[in-house]
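> Pasting a structure below so you can have a look.
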Amino acid sequence: MASDPRSTANQRIVEDLVSRLRRRQLVGSRATALETLLVLRQVVSKARFSNIDQLVNVIRIVGRRLVEAQPKEHSVGNTVRKVLHHIREEYHTASERPTVQSSFSIAKFVLQGQPRKQTPIPRSETRVSLKENDPDDPDSFARVLKPVLMEAIQDVFDELETVYDNISKNAKDHIHSDEIILTLGMSRTVQSFLKSAAHYRNYTVIVAETAPSYGGREMAASLSSAGISTFLVPDSSIYALMSRVNKVILGAHAILANGGMFATSGSLLAATAARSYSTPVVVCAGQFKLTPLWNLYHEYGALDFGDPSAVLGFEEGDLVDKVDVVNPYYDYVRPELLDVFITNYGDHPPSSIYRLLKETYDDEDNEL
Amino acid sequence: MPEPGLKPEPADADAQSLSKAQKRAEGRARQEQQRAAKAAQKQQQSGHQIKGDIHPAIVKLGLQFSEFKICGANARCIATLTAFKTVIQDYVTPPHNTLSRHLMTYLSPQITHLVTARPMSVTMGNAIRQLKLEISGSDIDLPEQDAKDALCHKIDEYIRDRIIIADEVIEDLAVKKIKDGDVVLTYARSSLVEKILLRAHSLDKRFSVIVIDSRPLLEGKTLLHSLASTVPPLPCTYALLPALPSLITDADIVLLGAHSLHANGSVYSRAGTAMVAMLAKEHSVPVMLCCETYKFSDTVMLDGFGKNELAPTKFSPQVPKSNSSLEVLNPLYDSTPASCITAVVTEVGLIPPTSISSIPLALGRTTL
Numbered sequence: 001m002a003s004d005p006r007s008t009a010n011q012r013i014v015e016d017l018v019s020r021l022r023r024r025q026l027v028g029s030r031a032t033a034l035e036t037l038l039v040l041r042q043v044v045s046k047a048r049f050s051n052i053d054q055l056v057n058v059i060r061i062v063g064r065r066l067v068e069a070q071p072k073e074h075s076v077g078n079t080v081r082k083v084l085h086h087i088r089e090e091y092h093t094a095s096e097r098p099t100v101q102s103s104f105s106i107a108k109f110v111l112q113g114q115p116r117k118q119t120p121i122p123r124s125e126t127r128v129s130l131k132e133n134d135p136d137d138p139d140s141f142a143r144v145l146k147p148v149l150m151e152a153i154q155d156v157f158d159e160l161e162t163v164y165d166n167i168s169k170n171a172k173d174h175i176h177s178d179e180i181i182l183t184l185g186m187s188r189t190v191q192s193f194l195k196s197a198a199h200y201r202n203y204t205v206i207v208a209e210t211a212p213s214y215g216g217r218e219m220a221a222s223l224s225s226a227g228i229s230t231f232l233v234p235d236s237s238i239y240a241l242m243s244r245v246n247k248v249i250l251g252a253h254a255i256l257a258n259g260g261m262f263a264t265s266g267s268l269l270a271a272t273a274a275r276s277y278s279t280p281v282v283v284c285a286g287q288f289k290l291t292p293l294w295n296l297y298h299e300y301g302a303l304d305f306g307d308p309s310a311v312l313g314f315e316e317g318d319l320v321d322k323v324d325v326v327n328p329y330y331d332y333v334r335p336e337l338l339d340v341f342i343t344n345y346g347d348h349p350p351s352s353i354y355r356l357l358k359e360t361y362d363d364e365d366n367e368l
Numbered sequence: 001m002p003e004p005g006l007k008p009e010p011a012d013a014d015a016q017s018l019s020k021a022q023k024r025a026e027g028r029a030r031q032e033q034q035r036a037a038k039a040a041q042k043q044q045q046s047g048h049q050i051k052g053d054i055h056p057a058i059v060k061l062g063l064q065f066s067e068f069k070i071c072g073a074n075a076r077c078i079a080t081l082t083a084f085k086t087v088i089q090d091y092v093t094p095p096h097n098t099l100s101r102h103l104m105t106y107l108s109p110q111i112t113h114l115v116t117a118r119p120m121s122v123t124m125g126n127a128i129r130q131l132k133l134e135i136s137g138s139d140i141d142l143p144e145q146d147a148k149d150a151l152c153h154k155i156d157e158y159i160r161d162r163i164i165i166a167d168e169v170i171e172d173l174a175v176k177k178i179k180d181g182d183v184v185l186t187y188a189r190s191s192l193v194e195k196i197l198l199r200a201h202s203l204d205k206r207f208s209v210i211v212i213d214s215r216p217l218l219e220g221k222t223l224l225h226s227l228a229s230t231v232p233p234l235p236c237t238y239a240l241l242p243a244l245p246s247l248i249t250d251a252d253i254v255l256l257g258a259h260s261l262h263a264n265g266s267v268y269s270r271a272g273t274a275m276v277a278m279l280a281k282e283h284s285v286p287v288m289l290c291c292e293t294y295k296f297s298d299t300v301m302l303d304g305f306g307k308n309e310l311a312p313t314k315f316s317p318q319v320p321k322s323n324s325s326l327e328v329l330n331p332l333y334d335s336t337p338a339s340c341i342t343a344v345v346t347e348v349g350l351i352p353p354t355s356i357s358s359i360p361l362a363l364g365r366t367t368l
């Protein structure tokens, strides 16, 4: 008998991650993706199941709990979707059943001419008969499948580990000598991208400090210590400097299905200013940020707000109870304002993000 | 001491060596003098360099400018003119000279001193040009005290007509554009916008204000203090510039101030203004620029990069690890293109920004 999926979902390790996400002790897309993956690996290794649906169910329940803990941290859901996708793929390979193309859709039609970049290689050489719902030995299915699944999860893990290197490997093709690049906030992806380009090119970076988190200061310190000539400017001067900027390079929080993105607040200002000067806007992001969502929130980017004391502190005591203070975390940047996404799966214009999504996740997982 | 008769040559040589030593000593003394003079000069430069005959009122004003104690186009212009009144009253025409010919040569170093403290604002430039005109036009036959009084009267008139009364007219015009239930968005702090908002509030208009602010100066906090201290308090929302995209959708009208307005309609104003106007235009929110006609300049401004001013280092952030390739810049101004401004509110009415160049002529003035 398979164990009760609810009890599996309530494992201590899941609860631990849930509370850390909820308390914002764990922030950052890649860090949360990695932690989610560790939890999922644990869950899969402990799960008892006798058919694929039971396993998928367990993962979904865990995934839903994690997503609900911090709905704005989209990389959690994305990692769960990706793991589910890989598990199904491994299962279909192991059971030697081709992926059934039951219904016809435009998306699948597009995919037919587009072979997957990752063709799943049959890993289990010793293919013992994979029997689902074996009444004599209910664990046999899990016993056979688990090593394969572990390898699949390890693949996702490896991909996350190398994501920065893979994004930055073509940096020198995007940044040319003597260019002036504008970036803002603190993004590890953009940081490694710029540093990698600095090995080949001599260029200048202008970093907007991005109030109120002032992540740009950290970014500027880090870039300049790598020998890149760096200017740190306040957010207010982005427009004044834009006339001299050759390229705007931004990080993303989540890439949405329509090719838009959620990014640290300030990104929309920079992207709009860039558009008014026809300066290209380049977004560097790992594939785990691809999110099968549309912006349901419109202008109030992601409806996530930070601590107002960073904007107007208690040193302005007499104002605190009279004034509303707004400190949103994210901006929603429309796809029309962006030119290209540089991911670890190559460069994509915003208009082809939907296709990348179809390749990465299964349609049935869009709602976990 | 050798006998002079016996050994004439050595004596001669001695005399020569003596004269050489003397020369050397003289040279050394001269060098030391030069060095001391240089050191003294350096000391003076490291403080505030005071050359020639600078009036104490101007010295004080220069310090207030460089310390940003007096900041803003109107405040600086009024302060300068008021200081010049003191200077003119304390001025005594030297013998064999006339006031109308000599006063300007006396004022020039005072102006130069103010410019070294902080680059001259367009408003100051316009006012000084008008003052020069008045000085050169003053009657030679007038007794000195009368001539000085006449000049001071002219200065008072200029302040009254071009700034104080002009502001009141603009207040009347702009207040009509604020309706009950409106949300007024403004950026940083313009003394004129502040007066308009307070006037509208005193007229019992029910509206709320969104104050957007940014480093380096964070002047919006001052505006917030004066708005929040009204009775009953004016409902205010405060946010930093990156949060603007989330708030612009709420705004019904944007009121901005200006440092100067140029012949091609571009607005030179506090850094960040351009982005507020740009985003407002994108969201079809009317942008009203409040600006007296004495801020008009007949020069053309194409971007905010060429002509700008950097904030002093005391406004710079504490960068964690500063090194040679990191530079901190704090531009004070930017230039908003005319296309982002809906209307300019001046004391001669609401005009489109592209019609700026026709206003001085329409007013029948040959100079601004």
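Residue numbers (UniProt numbering), protein chains in the order written: chain H, 1 to 368; chain F, 1 to 368. Glycine residues also receive a C-beta, built at the ideal position from the N, C-alpha and C atoms. All values reported here derive from a predicted model rather than from experimental measurement.
Give me, in chain order, the residues of the same chain whose beta-carbon lies closer than 7 Å to that of Phe315 (chain F); leave out the 5 immediate sequence neighbours on both sides.
For Phe315 (chain F), where only same-chain residues beyond five positions count, the Cβ hits under 7 Å are Pro216, Leu217 and Asn330.
> Would the segment 162 to 178 of chain F and the segment 193 to 211 of chain F be scored as touching if the rule is three or more Cβ pairs under 8 Å?
yes
> Does any residue of chain F have a CB that is nearer than 9 Å to the CB of Arg355 (chain H)?
no
> Determine the chain H residues that contact Thr237 (chain F) at a beta-carbon separation under 9 Å, and present them in chain order.
Val323, Asp324, Val325 and Val326
> Mapping the DSSP letters down to three states, classify Ser284 (chain F) as helix, strand or coil.
coil
> Here's the rule I'm using: 16 or more other beta-carbon atoms within 10 Å means buried, otherwise exposed. How should Gln191 (chain H) be labelled?
buried
> Between the Cα of Asp90 (chain F) and those of F:Leu151, F:Ile356, F:Ser284 and F:Asp252, spot the shortest distance and give me the residue it belongs to.
F:Leu151
> To the nearest whole angstrom, what separates the beta carbons of Asp167 (chain F) and Leu192 (chain F), a pair I think is in contact under 8 Å?
6 Å
> If you draw a straight line from the alpha carbon of Ser95 (chain H) to that of Asp250 (chain F), how long is it in whole angstroms?
56 Å
> I'd like the list of long-range same chain contacts for Ile163 (chain F), defined as Cβ closer than 8 Å, with 5 residues on each side in sequence excluded.
Here the set comprises Asn74, Cys77, Ile78, Glu292 and Tyr294.
> Name, in chain order, the residues that DSSP records as bridge partners for Asp324 (chain H).
F:Thr237
> Please report the residue range of the alpha helix (DSSP H) in which Leu217 (chain F) lies.
Segment: none, Leu217 (chain F) is in no alpha helix (DSSP H) and carries neither H nor E.
> Please report the straight-line C-alpha distance between Ser45 (chain H) and Leu66 (chain H), rounded to a whole angstrom.
18 Å
> Alpha carbon to alpha carbon, how far is Ser46 (chain F) from Asp318 (chain H)?
Since pLDDT at Ser46 (chain F) reaches only 45, below the 50 mark, its modelled position is unreliable, and no value is offered.
> So that I know if they touch, is there some Cβ in chain H lying closer than 9 Å to that of Leu240 (chain F)?
yes
> List the whole-angstrom C-beta distance separating Leu84 (chain H) from Asp324 (chain H), where the pair is believed to meet the contact cut-off of C-beta under 8 Å.
Not really, about 42 Å apart at Cβ, beyond 8 Å.
> Looking at Thr273 (chain F) and Ala338 (chain F), is the spacing between their C-beta atoms short of 9 Å?
In terms of Cβ geometry, Ala338 (chain F) and Thr273 (chain F) do not form a close pair [threshold 9 Å].
> Give the straight-line distance between the Cα atoms of Arg143 (chain H) and Val62 (chain H), rounded to the nearest whole angstrom.
21 Å
> Going by alpha carbons, who is nearest to Asn258 (chain H) out of H:Ala226, H:Trp294 and H:Leu34?
H:Trp294
> Classify Phe65 (chain F): buried if its beta carbon has 16 or more other beta carbons within 10 angstroms, exposed otherwise.
Buried, because 16 or more other Cβ atoms sit within 10 Å of the Cβ of Phe65 (chain F).
> Could you have a look at Pro331 (chain F) and say whether DSSP puts it in helix, strand or coil?
Per DSSP, reduced to three states, the secondary structure at Pro331 (chain F) is strand.
> Give a yes or no on whether the minimum CB-CB distance between Gln45 (chain F) and chain H is below 9 Å.
Its pLDDT being 48, under 50, Gln45 (chain F) is placed unreliably by the model, and the measurement read from it follows with that caveat. For Gln45 (chain F), the answer is no, since every Cβ of chain H falls outside 9 Å of its Cβ.
> Can you tell me which of the three DSSP states Ser355 (chain F) falls into?
helix
> Tell me which residue opens and which closes the alpha helix (DSSP H) that Ala271 (chain H) is part of.
Element bounds for Ala271 (chain H): Ser267 to Ser276.
> Using the beta-carbon count (16 or more within 10 Å), is Val27 (chain H) buried or exposed?
exposed
> Contact criterion: CB-CB distance below 9 Å. Does Asp303 (chain F) meet it with respect to chain H?
It does; some Cβ of chain H falls within 9 Å.
> Leu241 (chain F) and Ile212 (chain F) - do their beta-carbons sit closer together than 9 Å?
Contact: yes.
> Let's test the definition: count the other Cβ atoms within 10 Å of the Cβ of Asn323 (chain F) and tell me whether it reaches 16, buried, or not, exposed.
exposed
> Put residue 372 (chain H) into one of helix, strand or coil per three-state DSSP.
Because residue 372 (chain H) is not part of the residues shown, which for chain H are 1 to 368, the question remains open.
> Could you tell me whether the segment 86 to 103 of chain F touches the segment 54 to 64 of chain F, where touching means 3 or more Cβ pairs closer than 8 Å?
yes
> Taking the alpha-carbon positions, what's the Lys132 (chain F) to Met104 (chain F) distance?
7 Å
> Please report whether the beta-carbon of Leu247 (chain F) lies at a distance below 9 Å from any beta-carbon of chain H.
yes
> Just checking: is the beta-carbon of His262 (chain F) within a distance shorter than 9 Å of some beta-carbon in chain H?
no
> Using a Cβ-Cβ cutoff of less than 6 Å, which residues in the same chain neighbour Arg334 (chain H) once the five nearest sequence positions on both sides are dropped?
Gly260
> Anyone know if the C-beta pair for Leu182 (chain H) and Ile249 (chain H) falls short of 9 Å?
yes
> Beta-carbon of Leu185 (chain F) versus every beta-carbon of chain H: anything under 9 Å?
Not one chain H Cβ lies under 9 Å of Leu185 (chain F).
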